Amino acid sequence: MTTTVTGRGQTVVPARIRKNHHLGPASKLEWIDDGQSIRVIPLPADPVAAAQGMFKGAGLGAALLKRRREDRTRE
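Read in our numbering, the sequence shown has 136 at position 1, and its numbers run on one by one without any break.
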């Protein structure tokens, strides 16, 4: 797909991409320039909710609680 940059530096996200990535009027996009290419990454509307469940297994909180229980039984 090809789009054009306007004189004001604006461009249009094609409708098919907006639909596939659920982009709406208030959606945020991150632009990454590595010197040779430009990538556009859609940012989640709620980054905290998007990060939940990102890491599998017991969390640090669960490990801390387990260790505290073990410490109490040794006392």
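Virtual Cβ for every residue (Gly too), placed ideally from N, Cα, C.
Every value quoted in this text rests on a predicted model; they were computed, and no experiment measured them.
Query	Result
The segment 174–184 touching the segment 149–162, judged by at least three CB pairs closer than 8 Å	yes
CA-to-CA distance, R151 to Q145, given in whole angstroms	18 Å
For I176, the residue or residues it bridges with in DSSP	E165
Inter-residue spacing [alpha-carbon to alpha-carbon] between L200 and S172	46 Å
Chain D contact for G142 (CB, 8 Å cutoff)	The chain labelled as chain D is not found in the depicted structure, where only one protein chain is given.
Terminal residues of the alpha helix (DSSP H) in which G196 lies	195–209
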